[in-house]
Structures are given as structure tokens and as C-alpha cells.
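*Asks:* Residues in the sequence shown are numbered consecutively from 3, following the working numbering.
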Amino acid sequence: MYRYITVDEENNGQLFYYFIKSERRPEEDPLVTWISGGPGCSSFFGLAFEIGPLHFDIKKYDGEIPNLVLHPYSWTKVSNILFIDIPIGAGFSFARRSEPYMGGDITSSKQVYKFIRKWLDEHPQFLLNPLYIGGDSYSGKLIPVITNEVIEGKFYSLQQGMTKSWEYCTSYLPYVMDIPSSLPYLFNISTRGYRALLYSGDHDMVVTHLAVQEALTHLNSSIVDDWRPWSVDGQVAGFTRSYANNLTFALGGGHTTPENRPEECYAMFERWISHKPL
């Protein structure tokens with residue numbers, strides 16, 4: 003399913019999304035919202051190159067329309083996923099106004115939460131499913147803010163868009179990076195008993211795992227399970243450390259880890275949402 007949801011009535015701001023049901027038990031499995039990084043990257047990247055059920059068959063690409071193949075490690079095997087194009091102007095999301103649309107970290111976070119609220123109003127059968135807010139790269143700044151909006155309940159209780167061209171990452175969007183640090187939001191989440199999984203590629207030269215580790219020390223959470231390897235099919239996939247307050251940190255892979263370590267990331271995700279140790 004793909005549609006638009008209005009999140010800015012004044013400017014007719016529309017967020018585009020793809021929704022893919024779980025292949026297992028959609029009526030019970032978690033509902034995951036996925037946003038890509040950038041800021042300005044379409045969630046289509048996550049769908050087609052990382053965690054979605056269909057991938058491009060790039061090995062046989064001959065310059066024509068590429069073939070699609072089933073992805074054996076799709077996260078939709080165990081969860082329902084909403085892939086959301088955020089901010090407005092990224093992917094197929096748009097606003098009808100003559101001037102450029104000014105987005106930002108706080109604005110985008112509030113719009114994603116408004117999107118979740120309206121989407122659940124339209125699909126009440128998923129209201130009781132466990133909800134997870136996920137993404138990668140720059141979205142790591144927004145996810146704690148969105149999650150806090152959900153916790154605090156600040157808002158809680160279609161039409162087709164046209165675009166002249168499409169890019170999976172848009173670099174020229176007017177955008178304000180107004181969240182200097184997401185640690186206060188993550189601290190609020192962890193101290194209130196909500197679970198969080200942070201995974202970082204130890205070969206990531208864009209957002210290094212050492213910087214993420216250093217940031218986590220400022221949460222002052224005690225370590226309950228220190229560094230240990232986690233494995234898939236008898237092979238070490240990475241290393242993990244668990245903190246008090248339901249916080250888990252895992253290493254392995256590159257910048258968009260599910261893209262280059264699909265089997266390992268699927269195993270990590272499936273174990274974590276099932277409340278199993280990595």
C-alpha cells in the first residue's frame with residue numbers, strides 16, 4: 003500500500019508512505035515506522051536496498067528496467083513496516099506552495115508523530131500492536147524526539163502528489179538542523195522504561211561507532227552485560243553491550259548496515275523485538 007497523509011494543512015504538506023504488512027502475523031506483529039537519513043533521503047532506499055521484501059537484481063542489470071527479487075532477510079518477515087518519506091520535499095512528499103518549504107528537525111519530528119496518529123486513526127486494527135520508531139543515519143537524531151512525542155502524547159488521543167523529478171536523497175531542501183543533541187530525549191526514553199536498540203557499523207566512516215559509544219557514556223546508565231560477541235550461524239556478526247534501562251548497543255557493518263550485512267541485521271532485529279538476547 004502507498005498513499006499520502008496530510009501533516010501541514012496550511013501548506014497542504016503531504017507525507018508519502020509505503021506500508022507493507024508482516025508476512026507472519028500482521029494482526030499481532032510489531033508496527034515499525036522507518037525513516038531514512040540525510041536529511042532528505044527517501045525511505046524507498048530502506049525499502050529497496052535495506053529491509054524491504056523486494057530488492058533490485060543488480061547482478062543481472064543490463065541497462066533496462068531492473069528485475070526485482072525477493073529479499074530473504076526482509077524485516078517484514080516479522081513486522082509491519084511503514085516507510086515514510088520525511089522531510090517534506092524528500093522522495094514523493096510535497097507541499098503546495100509557491101515558496102520553498104522550510105523543514106527542520108523539530109518540525110519533521112512533530113510531523114512524523116502527527117502522521118502516526120492519523121495513520122492509526124485510519125487503521126485502528128493496528129492500535130494494539132507494539133510500536134517501534136526506527137531508521138538509520140541522520141534519522142538517529144529524530145527518532146528519540148519522535149518517540150518522546152509518542153510518550154508525552156502531545157497530539158495523540160488522500161490525494162496524489164506530482165513531482166517533476168525524483169531523487170532518493172535530496173541535498174538542496176531548505177532545512178534547519180535545530181536538534182543539537184538527541185541525548186536528552188534518549189535519556190528520557192530510557193529512564194521511563196522504554197526499550198531502545200542502537201546499532202552502529204564499526205566500518206562506518208560517516209557516523210563512527212566510537213562517537214556513538216562516547217555519546218552513550220553521557221546517559222550515565224550502568225552496564226549490565228559488557229562487551230560480548232553475537233553470532234549468526236556460528237559466525238561472529240558483531241559485538242554487543244547492554245545497559246540498564248533497556249538500552250542495547252550493537253556493532254557490526256557499515257553506514258547503512260542492513261544493506262551490507264542483511265542476514266546479520268535481520269537476526270539482530272528479530273531477536274531484539276522478540277525480547278531475546280542478541
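Cβ coordinates follow ideal geometry from the N, Cα and C atoms, glycine included.
1. Measuring straight from C-alpha to C-alpha, what distance separates Val34 and Thr8?
2. Hey, would you say the C-beta of Ile86 is under 7 Å away from at least one heavy atom of the ligand GTP?
3. Below 8 Å on the Cβ atoms is my guess for Leu49 versus Phe85; work out the distance and round it to an integer in Å.
4. Measure the alpha-carbon distance for His78 versus Pro32 and round it to whole angstroms.
5. Between Thr250 and the rest of its own chain, which residues show a CB-CB distance below 6 Å, the 5 nearest in sequence each way excluded?
6. So Pro146 and Ile191 are supposed to be a Cβ contact under 8 Å. How far apart are they, rounded?
7. Could you pull the start and end residues of the beta strand (DSSP E) that Ile22 belongs to?
8. The beta strand (DSSP E) spanning Trp232 covers which residue range?
9. Assign Leu200 to one of three DSSP states: helix, strand, or coil.
10. What is the DSSP secondary structure of Arg273, reduced to helix, strand or coil?
11. Check the DSSP bridge columns for Phe94 and list the partner residues they point to.
12. Given a cut-off of 8 Å on the beta-carbon distance, is the pair Ala246 and Ser224 in contact?
13. Assuming Val80 and Arg26 are in contact, meaning their beta carbons sit under 8 Å apart, how far apart are those beta carbons, in whole angstroms?
14. Go through its chain and collect everything with a Cβ distance to Ser44's Cβ below 6 Å, but skip five positions before and after it.
15. Is it right to say Lys156 is buried, meaning 16 or more other beta carbons lie within 10 angstroms of its own, or is it exposed?
16. Three-state secondary structure (DSSP) at Asp123?
17. DSSP on Asp10, reduced to helix/strand/coil?
18. Applying the criterion that 16 or more other CB atoms from any shown protein chain within 10 Å of the CB defines a buried residue, is Trp229 buried or exposed?
19. Using a 10 Å radius around the Cβ and a threshold of 16 neighbouring Cβ atoms, would you call Val152 buried or exposed?
20. How is Tyr268 classed by DSSP in three states: helix, strand or coil?
21. Can you find a C-beta in chain C that's less than 8 Å from the C-beta of Tyr19?
22. Please name the residue, chosen from Gln237, Ser233, Thr149, Arg197, that lies closest to Met270 on a Cα-to-Cα basis.
23. Taking the continuous alpha helix (DSSP H) assigned at Ser184, which residues delimit it?
24. Can you tell me the Cα-Cα spacing of Tyr140 and Ile118, whole angstroms?
25. Here's the rule: buried if 16 or more other CB atoms are within 10 angstroms of the residue's CB, otherwise exposed. What is Ser281?
26. How would you write the range of the beta strand (DSSP E) that Ile83 sits in, first residue to last?
27. Closest by CA to Thr219, which one among Phe189, Gln237, Ser202, Tyr196?
28. Which of helix, strand or coil does DSSP assign to Tyr115?
*Replies:* Looking at the coordinates:
1. By one-based count along the sequence shown, residue 34 stands at place 32. By one-based count along the sequence shown, residue 8 stands at place 6. Their Cα atoms are separated by approximately 20 Å.
2. Ligands in the displayed structure: none, and consequently the ligand GTP is not present.
3. Residue 49 sits at position 47 when you count from the first residue of the sequence shown. Residue 85 sits at position 83 when you count from the first residue of the sequence shown. The pair is a contact, with the Cβ atoms about 5 Å apart (cut-off 8 Å).
4. Taking the sequence shown and counting its residues from 1, the one referred to as residue 78 is at position 76. Taking the sequence shown and counting its residues from 1, the one referred to as residue 32 is at position 30. A small correction: the amino acid at residue 78 is Thr; His does not occupy that position in the sequence shown. Cα to Cα, Thr78 sits roughly 10 Å from Pro32.
5. One-based indexing of the sequence shown puts residue 250 at position 248. For Thr250, where only same-chain residues beyond five positions count, the Cβ hits under 6 Å are Leu199, Ser244.
6. Locating residue 146 in the sequence shown gives position 144, where the first residue counts as 1. Locating residue 191 in the sequence shown gives position 189, where the first residue counts as 1. Between Ile191 and Pro146 the Cβ distance is about 6 Å, and since that is below 8 Å, they are a contact.
7. By one-based count along the sequence shown, residue 22 stands at place 20. Where Ile22 is concerned, the enclosing beta strand (DSSP E) stretches over 15–22.
8. By 1-based counting over the sequence shown, the position of residue 232 is 230. Where Trp232 is concerned, the enclosing beta strand (DSSP E) stretches over 225–234.
9. As a position in the sequence shown, residue 200 is number 198, starting the count at 1. Three-state DSSP puts Leu200 in a strand.
10. Reading the sequence shown from its first residue, position 271 is the one you call residue 273. The answer is helix: DSSP assigns Arg273 an H, G or I state.
11. In the sequence shown, counting from the first residue as 1, residue 94 sits at position 92. Note: Phe94 sits in no beta bridge, so no partner.
12. To locate residue 246, count along the sequence shown from 1; it is residue 244. To locate residue 224, count along the sequence shown from 1; it is residue 222. Yes, Cβ-Cβ distance for Ala246 and Ser224 is below 8 Å.
13. Position 78 of the sequence shown, counted from the first residue, corresponds to residue 80. Position 24 of the sequence shown, counted from the first residue, corresponds to residue 26. So it is a contact: roughly 6 Å between Cβ atoms.
14. On the sequence shown, residue 44 is found 42 positions in, with the first residue counted as 1. Taken in chain order, the residues that qualify are Asp87, Ala92, Gly93, Tyr170.
15. Here residue 156 corresponds to residue number 154 of the sequence shown, with the count starting at 1. Residue placement at Lys156 is poorly supported in this model, since its pLDDT is 43, which falls under 50; the coordinates are not used for a value here.
16. For the purposes of this step, residue 123 is identified with residue 121 of the sequence shown, where counting begins at 1. Helix at Asp123.
17. Looking up residue 10 in the sequence shown gives position 8. Three-state result, Asp10: strand.
18. Position 227 of the sequence shown, counted from the first residue, corresponds to residue 229. The residue is exposed, with fewer than 16 neighbouring Cβ atoms inside 10 Å.
19. Here the question's residue 152 lines up with position 150 in the sequence shown. It counts as buried.
20. Reading the sequence shown from its first residue, position 266 is the one you call residue 268. Three-state DSSP puts Tyr268 in a helix.
21. In summary, chain C is missing from the structure at hand, where a single protein chain is found.
22. As a first step, residue 270 is located in the sequence shown; it is residue number 268 there, counting from the start. The shortest C-alpha separation from Met270 is found at Ser233.
23. Taking the first residue of the sequence shown as position 1, residue 184 is located at position 182. No alpha helix (DSSP H) contains Ser184, which DSSP labels as neither H nor E.
24. Counted from its first residue, the sequence shown places residue 140 at position 138. Counted from its first residue, the sequence shown places residue 118 at position 116. Taking the straight line joining both Cα atoms gives about 20 Å.
25. Absent from the structure is residue 281, since the part of the chain shown begins at 3 and ends at 280.
26. In the sequence shown, the residue the question calls residue 83 occupies position 81. From DSSP, the beta strand (DSSP E) with Ile83 extends over 82–86.
27. Within the sequence shown, the letter at position 217 stands for residue 219. Answer by Cα proximity: Phe189.
28. Stepping through the sequence shown from its first residue, residue 115 is reached at position 113. Of the three classes helix, strand and coil, the one that applies to Tyr115 here is helix, per DSSP.
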